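Enquirer: Residue numbers (our numbering): -7 to 223.
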Amino acid sequence: MADWLGPEEWRAVALSLQVSLWATLVSLPFGILAAYALARWRFPGRQLLNGLVHLPLILPPVVTGYLLLLTFGTQGPVGGVLAEWGIVLAFRWTGAALAAGVMAFPLMVRAIWLSLEAVDPKLEQASATLGASPPWVFLTVTLPLILPGIVAGAILAFAKAMGEFGATITFVSNIPGQTRTIPSAIHAFLQVPGGEGSAVRLVIVSVVVAMAALLLSEVIGRRVAARVGGV
């Protein structure tokens, strides 16, 4: 692939992989927590949490990116505090990871939530009656049963993060070598004469990665489900 893609195209692919990986890894614990809260807990504000989790699916990506810029920019309430500690997200690849993670978060939570809904609560209750603490019940009973959903959610989130454009370009711009991911690079190549070839090659890479992620999600999910079912 290194020979087929030019240096700038390869940098976009490498940066997209880096951004998507970190977006998925960092958001996964929060995704599990949010899914568990929505599936198992009943509390005031539950519907508000549900709305906030799924809001990126409804809002235009540019709006989400602008809200991130207002919040995590160097003049924002959160970004200003982070800047004092030397952490800057706006116009950095870390900000691209944040934007991609936010946009992919609903898909991750939904997959894990559906897995939790499929778990019989009586199994958790039985373990609790034997004296197991709630965290231990989750680690030994719930977590193994929802592993297929976690794997599927993580892979789908990774694929979604790879294709994120609107929120990313609004929050971190389109800086070559720093924030220019595959979608941003495709957009940039289409704006210059003779850039169609590079754009097409990156489109092919995007399609291949997306299809591979979907197939991998299915295969790993089934294998994990079969292994858990055989235990």
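Using N, Cα and C, we set each Cβ at its ideal position, and we do this for glycine too. Keep in mind the model is a prediction, meaning the values are calculated, not measured.
1) My assumption, with CB atoms under 8 Å, is that S12 sits in contact with A103. Please give the rounded CB distance.
2) Buried or exposed: which applies to R172, given that a residue is buried once 16 or more other Cβ atoms fall within 10 Å of its Cβ?
3) Grouping DSSP H, G and I as helix and E and B as strand, with all else coil, what is E156?
4) For G189, does the three-state DSSP call read helix, strand or coil?
5) Taking the C-alpha atoms as reference points, what is the distance between A89 and E1?
6) Within this structure, are the beta carbons of S119 and V129 separated by less than 8 Å?
7) Please list, in chain order, all residues of the same chain as V45 whose beta carbon is under 8 Å from its beta carbon, the five residues on each side excluded.
8) Keeping to the same chain, check which residues put their C-beta closer than 8 Å to that of W85; ignore five residues upstream and five downstream.
9) Determine the direct distance from the alpha carbon of V80 to that of G87, and round the result to whole angstroms.
10) If you count every other CB in all the chains shown that lies within 10 Å of the CB of A205, and 16 or more means buried, which is it?
11) Rounded C-beta distance between F157 and P53? I'm assuming under 8 Å.
12) With a CB to CB cut of under 7 Å and the five nearest residues on each side skipped, what residues in its chain are close to G68?
13) Can you round the beta-carbon distance between T56 and V94 to whole angstroms, since I take them to be within the 8 Å contact cut?
14) Measuring alpha carbon to alpha carbon, tell me which of I142, A4, T132, Y58 ends up nearest T162.
15) For N42, does the three-state DSSP call read helix, strand or coil?
16) Should R193 go down as buried or exposed, given a rule of 16 or more other Cβ atoms within 10 Å for buried?
17) Pick helix, strand or coil for F150, following the three-state DSSP scheme.
18) Run the CB neighbour count on T121, radius 10 Å, all protein chains shown included, and call it buried at 16 or more, exposed below.
19) Only counting the same chain, and skipping five residues up and downstream in sequence, which positions put a Cβ closer than 6 Å to that of A149?
Expert: Let me spell this out:
1) Within the sequence shown, residue 12 is the residue found at index 20, counting from 1. Within the sequence shown, residue 103 is the residue found at index 111, counting from 1. Between the beta-carbon of S12 and that of A103 there is about 16 Å, and that puts the pair past the 8 Å contact cut.
2) Residue numbering aside, residue 172 sits at position 180 when the sequence shown is read from its first letter. Under this definition R172 is a buried residue.
3) Along the sequence shown, one-based indexing puts residue 156 at 164. If DSSP states are grouped into helix, strand and coil, E156 belongs with coil.
4) Taking the sequence shown and counting its residues from 1, the one referred to as residue 189 is at position 197. Looking at G189 - three-state DSSP - the assignment turns out to be helix.
5) Mapped onto the sequence shown, residue 89 falls at position 97. Mapped onto the sequence shown, residue 1 falls at position 9. Their backbone Cα atoms lie some 19 Å apart in a straight line.
6) Mapped onto the sequence shown, residue 119 falls at position 127. Mapped onto the sequence shown, residue 129 falls at position 137. Yes. Within cutoff.
7) For this step, residue 45 is matched to residue 53 along the sequence shown. For V45, where only same-chain residues beyond five positions count, the Cβ hits under 8 Å are A26, L30, F97, P98, V101.
8) Along the sequence shown, read from residue 1 onward, the residue named residue 85 stands at position 93. Listed in chain order, the non-local C-beta contacts of W85 below 8 Å within the same chain comprise L7, Q10, V11, V164, Q170, T171, local neighbours out to five positions each way being set aside.
9) Within the sequence shown, residue 87 is the residue found at index 95, counting from 1. Within the sequence shown, residue 80 is the residue found at index 88, counting from 1. Roughly 8 Å separates the two Cα atoms.
10) The residue you call residue 205 lines up with position 213 of the sequence shown. Residue environment analysis places A205 among the buried positions, since at least 16 neighbouring C-beta atoms fall within 10 angstroms of its C-beta.
11) As a first step, residue 157 must be located in the sequence shown, where it is residue number 165. As a first step, residue 53 must be located in the sequence shown, where it is residue number 61. The pair is a contact, with the Cβ atoms about 7 Å apart (cut-off 8 Å).
12) In the sequence shown, the residue the question calls residue 68 occupies position 76. Listed in chain order, the non-local C-beta contacts of G68 below 7 Å within the same chain comprise L62, local neighbours out to five positions each way being set aside.
13) As a position in the sequence shown, residue 56 is number 64, starting the count at 1. As a position in the sequence shown, residue 94 is number 102, starting the count at 1. Rounded, the Cβ-Cβ distance is 6 Å, consistent with contact.
14) Within the sequence shown, residue 162 is the residue found at index 170, counting from 1. Considering only alpha carbons, the answer is Y58.
15) Counted from its first residue, the sequence shown places residue 42 at position 50. Looking at N42 - three-state DSSP - the assignment turns out to be helix.
16) Working through the sequence shown from its first residue, we reach residue 193 at position 201. It counts as buried.
17) The sequence position of residue 150 within the sequence shown is 158, counting from 1. Annotated three-state conformation of F150 is helix, per DSSP.
18) Position 129 of the sequence shown, counted from the first residue, corresponds to residue 121. With a threshold of 16 other beta carbon atoms within 10 Å, T121 falls short and is exposed.
19) Here residue 149 corresponds to residue number 157 of the sequence shown, with the count starting at 1. Excluding residues up to 5 positions away in sequence, T16, A96, L99, M100 lie with their Cβ nearer than 6 Å to the Cβ of A149 in the same chain.
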